[in-house]
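Student: One structure, as structure tokens, below. Some questions next.
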Amino acid sequence: MEKEFLSRTYRFGINGNEPFMLRRKVWPYLLGLVNWTQDFEQLKNTYRAKYYNDVVEWEKMEKIVRERDQEAFVAARLRYHTCNAESNVSFQGPSLSNEVFEESSELPIGQKDNEEEDLMSKFSANLHRIEKDVERCDRSSAYFAKKENLQKLKTVMCTYVWRNLNEGYTQGMCDLAAPLLVILDDEFTYPEVFRVWEVIWAASSLVTTHFHLFFALAMIIAYRHIIIDNRMDFTDVIKFYNEMAERHNVEELLDSARSLLQRLQAIIMELEPVKN
Numbered sequence: 001m002e003k004e005f006l007s008r009t010y011r012f013g014i015n016g017n018e019p020f021m022l023r024r025k026v027w028p029y030l031l032g033l034v035n036w037t038q039d040f041e042q043l044k045n046t047y048r049a050k051y052y053n054d055v056v057e058w059e060k061m062e063k064i065v066r067e068r069d070q071e072a073f074v075a076a077r078l079r080y081h082t083c084n085a086e087s088n089v090s091f092q093g094p095s096l097s098n099e100v101f102e103e104s105s106e107l108p109i110g111q112k113d114n115e116e117e118d119l120m121s122k123f124s125a126n127l128h129r130i131e132k133d134v135e136r137c138d139r140s141s142a143y144f145a146k147k148e149n150l151q152k153l154k155t156v157m158c159t160y161v162w163r164n165l166n167e168g169y170t171q172g173m174c175d176l177a178a179p180l181l182v183i184l185d186d187e188f189t190y191p192e193v194f195r196v197w198e199v200i201w202a203a204s205s206l207v208t209t210h211f212h213l214f215f216a217l218a219m220i221i222a223y224r225h226i227i228i229d230n231r232m233d234f235t236d237v238i239k240f241y242n243e244m245a246e247r248h249n250v251e252e253l254l255d256s257a258r259s260l261l262q263r264l265q266a267i268i269m270e271l272e273p274v275k276n
């Protein structure tokens, strides 16, 4: 049953009268969140409780980060006004403004140990990256035009970072998380993105974990004449594909990617007897 489902998804994606409801049921299995012998509905409450517990924990840290940001802002303004005032008068001896600067630049660590301070520093840096990226999220989508949905996206990303602080946040992660959040909220958008993802996930369990590379190659082949004729360099190619966003024929590209993979498999099979 599992192999048949993966095979159908790899070839046709997830279809039906209510594909979005079906996606909510099967994506946890495609993503490897649960294995095929488990009932996700029975585990859902456990996952939900852990998620909200983590949110409570990092929100405590966020509160401290906000307080420190405010203190740093006030200190910076004080230094600015102090320096401006002193630049208009002559003085002798050590600079008072330098003393203020040096004192206020030190973080109020107090009795906190280095490990806790390191945790705070990592979370603070990632929090600021996430907030910048969330603000740049796809506003052309009606879903993310709403502030409350941007907040949901931020909460998801902060929870991920809280669980994976050593890996941290990388620019663009919001773009990957956004469609996942949308499907969980029953929003009918990103259908072509969903289709590509599902095929890639199914391929990972069925044929190769590198199907995304074949899809990327299919995209290059589809527009190779334009790229060659216009003598595009790397920057031109990136700009071209950005401008082509949402204009691709996804079904043709997926068919091409599957065909490219089959051709490589055929070549490998032909070479196997030679090796032996």
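Residue numbers are given in full-length UniProt numbering: position 265 of the sequence shown equals residue 265, and the series is strictly consecutive.
In this text, a Cβ means the ideal position worked out from N, Cα and C, and glycines have one as well.
Model, not experiment: these values are computed from the prediction.
#1: Can you give me the start and stop residues for the alpha helix (DSSP H) that L150 sits inside?
#2: Under the assumption that S124 contacts V161 (Cβ atoms under 8 angstroms), give the Cβ distance between them as a whole number of angstroms.
#3: For I14, count neighbouring C-beta atoms within 10 Å of its own C-beta (all shown protein chains included) and say buried if the count is 16 or more, exposed if not.
#4: Does Y47 come out as helix, strand or coil in the three-state DSSP assignment?
#5: For R8, does the count of other Cβ atoms within 10 angstroms reach 16, so buried, or fall short, so exposed?
#6: Which first and last residues belong to the alpha helix (DSSP H) in which residue 291 is found?
#7: Beta-carbon separation of A257 and Y10 under 8 angstroms?
#8: Counting only the same chain and skipping the five closest in sequence on each side, list residues whose C-beta sits under 7 angstroms from that of L253.
#9: Can you say whether Y169 is buried or exposed, counting buried as having 16 or more other CB atoms within 10 angstroms of its CB?
#10: How big is the Cα-Cα spacing for K50 and V56?
#11: In this structure, how does DSSP classify D138 when only helix, strand and coil are distinguished?
#12: In terms of residues, what are the limits of the alpha helix (DSSP H) holding V26?
#13: If you draw a straight line from the C-alpha of E251 to the C-alpha of V74, how long is it?
#14: For P273, does the count of other Cβ atoms within 10 angstroms reach 16, so buried, or fall short, so exposed?
#15: Report the residue from E246, N230, L150 whose alpha carbon sits nearest the alpha carbon of L181.
#16: How many Å lie between K44 and S259 at the Cα?
#17: Go through its chain and collect everything with a Cβ distance to Y190's Cβ below 7 angstroms, but skip five positions before and after it.
#18: Taking only three categories from DSSP, how would you classify V207?
#19: Tell me which residue opens and which closes the alpha helix (DSSP H) that T37 is part of.
#20: Cα-Cα, which of S140, R77, I130, M61 is closest to E117?
Tutor: According to the structure shown:
#1: Indexing the sequence shown from 1 puts residue 150 at position 150. For L150, the uninterrupted alpha helix (DSSP H) segment begins and ends at 147-163.
#2: By one-based count along the sequence shown, residue 124 stands at place 124. By one-based count along the sequence shown, residue 161 stands at place 161. Contact flag wrong, Cβ pair sits at about 11 angstroms.
#3: As a working mapping, residue 14 is identified with position 14 in the sequence shown. Its Cβ being crowded by 16 or more others within 10 Å, I14 is buried.
#4: The count along the sequence shown starts at 1 and reaches residue 47 at position 47. Per DSSP, reduced to three states, the secondary structure at Y47 is helical.
#5: Within the sequence shown, numbered from 1, the residue matching residue 8 stands at position 8. It counts as exposed.
#6: This structure does not reach residue 291, given that the chain is present from 1 up to 276, and the question cannot be answered.
#7: Translated into the one-based positions of the sequence shown, residue 257 becomes position 257. Translated into the one-based positions of the sequence shown, residue 10 becomes position 10. No, the Cβ-Cβ distance between A257 and Y10 is not below 8 angstroms.
#8: Numbered from 1 along the sequence shown, position 253 holds the residue referred to as residue 253. Around L253: F215, A218, M219, A222.
#9: As a working mapping, residue 169 is identified with position 169 in the sequence shown. Flag for Y169 reads buried.
#10: Position 50 of the sequence shown, counting from 1, holds the residue named residue 50. Position 56 of the sequence shown, counting from 1, holds the residue named residue 56. Whole-angstrom Cα-Cα distance: 10 angstroms.
#11: By one-based count along the sequence shown, residue 138 stands at place 138. Under the three-state reduction of DSSP output, D138 falls in the coil class, being neither helix nor strand.
#12: Within the sequence shown, numbered from 1, the residue matching residue 26 stands at position 26. Segment 19-30, the alpha helix (DSSP H) holding V26.
#13: Walking along the sequence shown from the start, residue 251 turns up at place 251. Walking along the sequence shown from the start, residue 74 turns up at place 74. Roughly 55 angstroms between the two C-alpha positions.
#14: Stepping through the sequence shown from its first residue, residue 273 is reached at position 273. Classification for P273: exposed.
#15: Residue mapping note: residue 181 aligns to position 181 of the sequence shown, counting from 1. Residue L150 holds the alpha-carbon nearest to the alpha-carbon of L181 among E246, N230, L150.
#16: As a working note, residue 44 is residue 44 in the sequence shown. As a working note, residue 259 is residue 259 in the sequence shown. Cα-Cα distance, rounded: 38 angstroms.
#17: Taking the sequence shown and counting its residues from 1, one reaches residue 190 at position 190. Closer than 7 angstroms at the Cβ level, and outside the excluded window around Y190, lie P179, V182.
#18: Translated into positions along the sequence shown, residue 207 becomes position 207. Secondary structure at V207: coil, using DSSP grouped into helix, strand and coil.
#19: Residue 37 sits at position 37 when you count from the first residue of the sequence shown. No alpha helix (DSSP H) holds T37; DSSP gives it neither H nor E.
#20: On the sequence shown, position 117 is the one that residue 117 refers to. Per the Cα distances, M61.
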